[in-house]
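Read in order, the letters of the sequence shown correspond to residues 8 to 84 in the working numbering.
Cβ coordinates follow ideal geometry from the N, Cα and C atoms, glycine included.
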Amino acid sequence: MELDRRAFFLSVGGAAALSLMDSEAKADALEHHMMMQFQAAAAIPGTGGTQKFPTVAEIDAQIETRPARRGVGNLFT
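Structure follows, in structure tokens:
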């Protein structure tokens, strides 16, 4: 996620207001600004990605053809 510093400074009230804040208030302001950016981007239709999720039948077929469970590694095989 790209952060526009000028927009962040303006949302806080300027560089002078930012210099008066303690570190926790700065972190909260940054978190709030980034959440607002994320929510605005999520509200735009068509930006959610086009990844096709597998069906339950496809996952079951993968489990039956796999020699060991995913994530087990070499320890239990």
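Nearest by alpha-carbon distance to residue i: which of the options is it?
i   : options            : result
D11 : D29, D35, Q44      : Q44
D35 : V19, A48, A49, D67 : V19
A14 : L27, A68, Q58, L37 : L37
Is residue i buried or exposed, if buried means 16 or more other CB atoms sit within 10 Å of its CB?
i   : result
V63 : exposed
Return the chain-ordered list of same chain residues with a C-beta closer than 8 Å to the C-beta of residue i, the five sequence neighbours on each side being excluded.
i   : result
F16 : A22, L25
For residue i, which residues from the same chain have a beta carbon less than 6 Å from its beta carbon, with the 5 sequence-adjacent residues on both sides left out?
i  : result
M8 : none
Spatial neighbours of residue i within its chain, please: CB distance less than 7 Å, with the 5 preceding and 5 following residues excluded, ordered by chain position.
i   : result
H40 : F15, S18
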